[in-house]
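Q: Per this note's numbering, residue 603 is the first one in the sequence shown, and the count goes up by one each step.
Think of the CB as a built atom: it goes at the ideal place given N, C-alpha and C, for glycine as much as any other residue.
A quick note: this is a predicted structure, and the numbers were derived from the prediction, not measured.
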Amino acid sequence: MRGRVGQALTVIALVSSGSHPALAIPSPDLVVGSLLSVSQLVALASAFLGGGGALYATARARRDGLRVVSRGFVTGTVVLLVLFCGSVALNVYQHLQQSSERQARLEETLSRPSRTPGSLHGEQEEVKELSYPQQMRQPNGITTAQADALLKAEMAGSGGNVVFLDVRERAEREMGTLPGATFLRYPDMAASPIELGNRKVIAFCHNGDRSHELCEALRRQGIDCKFIVGGVAKWVAEDRAMEGAGGGTRDRLRAIPHYPNDRALLDTPEVRRLVAKEKATFVDVRYPAEFKAHGHLPDAINFPIQRIPTAELSKAIAEIPNRPIVLPCYDRRSCFFAEVAGLELTRAGHDVRGRYTQPWTYFVRGGRPPHEEDWIAQNNQSIWGKMAGYLAGVMAAVSPWLGVVGAIVVLAVISRLLVLPFTVKAERDQIRSRAAAGELDAIKARLRDDPARRTRAIRAFYKRHGLTPGRNLLVLVFLPIMAVAVMAVQELSAQARQGFLWLPDLAVRDPLRILPFVFAALITFYVDLAFVRTGWQRLLVWVGAFPLFAATGSLFAAGVDVYLVASAALLIVQRV
């Protein structure tokens, strides 16, 4: 039993070792000749399975005392595998390190202090963010404890003529508010029908800034107004009473309802691609004065949601072009309101791709003459990229007749046919070896005490049944071809930008994750057919390999997943 479990664990390790490099997506290049983009080797798992079977058979033969291949060949293979695993580990480490640094850089803007001009419509003063200590020194500020006492008294009917005013955005309000509070967006105050003249106003917002500004404006009108120092953020942190559907489910102090790409932070290369290939629109939520005085991105639309009254919001949204939207933000205030604007725009049917937190790094490059651009593009492309480009061009030429998905499936068939003689031989060896296992066991039992005769008998057994596990490793020579095929599928998907069935775009990931799970099920089933002999092995393979393959498939674009599913299906057809 231990031997069988060990073999199953070996198989899982072999087939799963290719899943980690997939983290190197989204910029695969030199798959062969450079392991900086080992991600493409995951797409070649089908090619590895034939070689994996050969290694498995070789290991069994060595254990039985048969030298199937030379010692130098085995040593070289082991060294190459060690180097490969080391390269994979280094690639994963470098990717994780770079991803961590990139994410930290993009998140810096989310906490960058704001010095933003603003106020209620018609006011001219400049409003600056107040720190918590500064808020504590304001004469019209009250603590959360004082506000809580007033709220409890009001709910008990002994609080006097007090109104708690929630001046946040609708998105914030949906995640919960103070019990009994009146909701009135900050920009709606000027035209509000709510009578405040004879009432004591307790205003609150997220952190106290907007409510402080509101109280200053109301004070000049002779209205008694206090703001809660620290706002809802401090109220929630102290676990005080909240009401509303989201009050108990928030995962951040400043939470709003989730929507697609609400956490997506875009970097300059991504934004350039969106603008160049998808004609993305910049929607800038800063105040108009800052939008004009401090500059903005090319053709950006000013959409200061924190200044637009609710009655005018739908009209302002309708004026935004129906193209992918990028939300540039420059500090924590504009980044938050960009997130709020993203929710409103998404609900109105717009395609919001995320917030752009490095807008100062964006510039419009000066144009070069077309011949220079073509020359630079050609010289910067690797040989594998050129081959993939040619192959993608051929696929694009036949796609009007076959469709993009049809062209991808045909490529999967052709690439499978290229390695078919080698993979079929490897699989036949596995099947014959399994069928003749009883004969081999009998030889080992009969000649247990005579190693020399046993070695000759086993060698004759392999020759008689035509088993050549060492030769089966030649399938690895076709890895570059398979890599080029995967790169071509990626390029074709990016060029075509077509959908298929439930897939909105073959160049992006499957939103329902159906294809990754189908791919994982097919490949794991193939591993089951090829290697599993006991119930414990089957359990280990499905528990270990299936999640890894599903996670790997989820990292690829839908077009590549179609290729992987087709290849995996052909593997099973070939096997059965």
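#1: With hydrogens ignored, establish whether the beta-carbon of Asn904 is closer than 8 angstroms to any heavy atom of the ligand COA.
#2: Kindly indicate the opening and closing residues of the alpha helix (DSSP H) around Gly833.
#3: Whose C-beta lies closer than 8 angstroms to the C-beta of Ser713 among residues of the same chain, with five residues either side of it excluded?
#4: Below 8 angstroms on the Cβ atoms is my contact criterion, and I expect Leu929 with Val877 to pass it. Report the Cβ-Cβ distance as a whole number of Å.
#5: Taking Cys827 as part of the beta strand (DSSP E), name the residues at either end of that continuous run.
#6: Suppose you measure from the CA of Val1167 to the CA of Ser1017; what does that come to, to the nearest Å?
#7: When you compare each of Glu756, Glu818, Thr1126 and Pro859 to Pro1149 by their alpha carbons, which one comes out closest?
#8: Cα-Cα, which of Ala1090, Ala1038 and Lys1046 is closest to Val1011?
#9: Per DSSP, Ala904 forms a beta bridge with which residues?
#10: Out of Val1006, Leu915 and Ala1152, which one is the CA nearest neighbour of Asp1107?
#11: State the DSSP-derived secondary structure class of Asp768, mapped to helix, strand or coil.
#12: In chain order, what residues of the same chain have a beta carbon less than 8 angstroms from the beta carbon of Arg704, not counting five sequence neighbours either side?
#13: Ignore the nearest five residues each way along the sequence and tell me which others in Val1175's own chain have a CB closer than 6 angstroms to its CB.
#14: Find the nearest neighbour of Arg875 within the set Arg955, Arg739, Ala891 and Leu1013, judged by alpha-carbon distance.
#15: What would DSSP say about Arg1111, mapped onto helix, strand or coil?
#16: Rounded to whole angstroms, how far is the Cβ of Ala882 from the Cβ of Pro926, which I believe are closer than 8 angstroms?
#17: Tell me which same chain residues have a C-beta within less than 8 angstroms of the C-beta of Arg821, skipping the five on either side of it?
#18: Is Ser813 near Val887, with beta carbons less than 9 angstroms apart?
#19: Going by DSSP, what residue range makes up the alpha helix (DSSP H) through Leu820?
#20: List the endpoints of the continuous alpha helix (DSSP H) containing Pro1149.
#21: Taking 8 angstroms as the cut-off, does the segment 887–902 touch the segment 1118–1138 (at least 3 CB pairs, one atom from each stretch)?
#22: So for Phe806, helix, strand or coil by DSSP?
#23: Pull the bridge partners of Glu845 from the DSSP assignment, please.
#24: CB Leu1105 to CB Pro1113, shorter than 9 angstroms?
#25: Where does Thr779 land, buried or exposed, given buried means 16+ other C-beta within 10 angstroms?
#26: Here's a check: name, in chain order, each residue in its chain whose Cβ is nearer than 7 angstroms to the Cβ of Gly1155, leaving out the five neighbours to either side.
#27: Tell me which residue opens and which closes the beta strand (DSSP E) that Ile858 is part of.
#28: What residue range does the beta strand (DSSP E) around Arg955 cover?
#29: Please determine, among Ile907, Pro1053 and Asp953, the residue with the shortest C-alpha to C-alpha distance to Phe938.
#30: In chain order, what residues of the same chain have a beta carbon less than 6 angstroms from the beta carbon of Arg801, not counting five sequence neighbours either side?
#31: Going by alpha carbons, who is nearest to Trp962 out of Pro871, Ala1096, Ile744 and Val1086?
#32: Please list, in chain order, all residues of the same chain as Leu1172 whose beta carbon is under 6 angstroms from its beta carbon, the five residues on each side excluded.
#33: Quick one: residues in its chain with C-beta nearer than 7 angstroms to the C-beta of Ser794, no 5 flanking neighbours on either side, listed in chain order?
#34: Between Val1143 and Val1129, how many whole angstroms is the CB-CB distance? I'm expecting something under 8 angstroms.
#35: Can you check which of these residues, Gln1092, Glu815 and Gly824, is closest to Ile830 by C-alpha distance?
#36: Which same chain residues, not among the five before or five after Ala1160, have their C-beta less than 8 angstroms away from its C-beta?
A: By the coordinates alone:
#1: Of the ligands one can find in the structure shown there are none, so the ligand COA has no counterpart to examine.
#2: Numbered from 1 along the sequence shown, position 231 holds the residue referred to as residue 833. Gly833 to Ala839 is the span of the alpha helix (DSSP H), which, as asked, contains Gly833.
#3: Residue mapping note: residue 713 aligns to position 111 of the sequence shown, counting from 1. Shown here for Ser713: same chain residues with a beta carbon closer than 8 angstroms to its own, the five before and five after excluded, namely Arg934 in chain order.
#4: As a first step, residue 929 must be located in the sequence shown, where it is residue number 327. As a first step, residue 877 must be located in the sequence shown, where it is residue number 275. Rounded, the Cβ-Cβ distance is 14 angstroms, inconsistent with contact.
#5: Stepping through the sequence shown from its first residue, residue 827 is reached at position 225. For Cys827, the uninterrupted beta strand (DSSP E) run begins and ends at Cys827 to Ile830, by DSSP.
#6: Taking the first residue of the sequence shown as 1, we reach residue 1167 at position 565. Taking the first residue of the sequence shown as 1, we reach residue 1017 at position 415. If you draw a straight line from the Cα of Val1167 to the Cα of Ser1017, it is about 13 angstroms long.
#7: Counting from 1 along the sequence shown, the entry for residue 1149 is found at position 547. Closest option to Pro1149, Cα to Cα, is Thr1126.
#8: Position 409 of the sequence shown, counting from 1, holds the residue named residue 1011. By alpha-carbon distance to Val1011, the top candidate from Ala1090, Ala1038 and Lys1046 is Ala1090.
#9: If you number the sequence shown from 1, residue 904 lands on position 302. With the sequence shown as reference, residue 904 is identified as Asn, and Ala is not the correct amino acid for it. DSSP lists Asp886 as partners of Asn904.
#10: Stepping through the sequence shown from its first residue, residue 1107 is reached at position 505. Taking each of Val1006, Leu915 and Ala1152 in turn and checking the Cα distance to Asp1107, the smallest one comes out for Val1006.
#11: Taking the sequence shown and counting its residues from 1, one reaches residue 768 at position 166. Strand at Asp768.
#12: To locate residue 704, count along the sequence shown from 1; it is residue 102. Closer than 8 angstroms at Cβ, skipping near neighbours: Asp869.
#13: As a first step, residue 1175 is located in the sequence shown; it is residue number 573 there, counting from the start. So the list is empty, once near-sequence residues are dropped.
#14: For the purposes of this step, residue 875 is taken as residue 273 along the sequence shown, with counting starting at 1. The shortest Cα separation from Arg875 among Arg955, Arg739, Ala891 and Leu1013 belongs to Arg955.
#15: In the sequence shown, counting from the first residue as 1, residue 1111 sits at position 509. Note: Arg1111 maps to coil in three-state DSSP.
#16: Translated into positions along the sequence shown, residue 882 becomes position 280. Translated into positions along the sequence shown, residue 926 becomes position 324. With a Cβ gap of about 4 angstroms, Ala882 and Pro926 count as contacting.
#17: Your numbering for residue 821 matches position 219 in the sequence shown. Non-local C-beta neighbours of Arg821 in its own chain, meaning closer than 8 angstroms and more than five positions away in sequence, comprise Asn742 and Cys827, ordered along the chain.
#18: The residue given as residue 813 occupies position 211 in the sequence shown. The residue given as residue 887 occupies position 285 in the sequence shown. Going by beta carbons, Ser813 and Val887 fall outside the 9 angstroms limit.
#19: Counted from its first residue, the sequence shown places residue 820 at position 218. Run containing Leu820: Asp811 to Arg822, per the alpha helix (DSSP H) assignment.
#20: Residue mapping note: residue 1149 aligns to position 547 of the sequence shown, counting from 1. Per DSSP, Pro1149 belongs to the alpha helix (DSSP H) from Gly1137 to Ser1156.
#21: Because the criterion of three Cβ pairs below 8 angstroms is not met, the segment 1118–1138 and the segment 887–902 do not touch.
#22: Position 204 of the sequence shown, counted from the first residue, corresponds to residue 806. Reduced to three states, the DSSP call for Phe806 is strand.
#23: Taking the sequence shown and counting its residues from 1, one reaches residue 845 at position 243. Partner residues in the beta bridge of Glu845, as assigned by DSSP, are Thr779.
#24: Taking the first residue of the sequence shown as position 1, residue 1105 is located at position 503. Taking the first residue of the sequence shown as position 1, residue 1113 is located at position 511. Result yes, Cβ atoms of Leu1105 and Pro1113 sit closer than 9 angstroms.
#25: Your numbering for residue 779 matches position 177 in the sequence shown. The residue in question, Thr779, is buried, as its Cβ has 16 or more Cβ neighbours within 10 Å.
#26: Here residue 1155 refers to the residue found at position 553 when the sequence shown is read from its first residue. Beyond the five residues adjoining it in sequence on each side, Gly1155 comes within less than 7 angstroms, by CB distance, of Leu1117, Pro1118, Phe1121, Ala1122, Asp1163 and Leu1166 in the same chain, given in chain order.
#27: Locating residue 858 in the sequence shown gives position 256, counting from the first residue. Premise fails: Ile858 is in no beta strand (DSSP E) and is neither H nor E.
#28: Position 353 of the sequence shown, counted from the first residue, corresponds to residue 955. Its beta strand (DSSP E) spans residues Val954 to Tyr958.
#29: In the sequence shown, residue 938 corresponds to position 336, counting from 1. The shortest CA-to-CA distance from Phe938 to any of Ile907, Pro1053 and Asp953 is the one to Ile907.
#30: Counted from its first residue, the sequence shown places residue 801 at position 199. Excluding positions up to five away in sequence, the list reads Asn763 and Val765.
#31: Here residue 962 is taken as the residue at index 360 of the sequence shown, counted from 1. When each option's Cα is compared against that of Trp962, the closest is Pro871.
#32: For the purposes of this step, residue 1172 is taken as residue 570 along the sequence shown, with counting starting at 1. Excluding positions up to five away in sequence, the list reads Arg1018.
#33: Along the sequence shown, read from residue 1 onward, the residue named residue 794 stands at position 192. Once the five neighbours on either side are set aside, the close Cβ partners of Ser794 are Leu786.
#34: Along the sequence shown, read from residue 1 onward, the residue named residue 1143 stands at position 541. Along the sequence shown, read from residue 1 onward, the residue named residue 1129 stands at position 527. Right, the Cβ-Cβ distance comes to about 6 angstroms (below 8 angstroms), so this counts as a contact.
#35: Sequence index remark: in the sequence shown, residue 830 carries index 228 (1-based). The residue with the shortest Cα to Cα distance from Ile830 is Glu815.
#36: As a first step, residue 1160 must be located in the sequence shown, where it is residue number 558. Closer than 8 angstroms at the Cβ level, and outside the excluded window around Ala1160, lie Ser1095, Phe1102, Leu1105, Asp1107, Leu1108, Ala1109, Val1110, Arg1111, Asp1112 and Leu1117.
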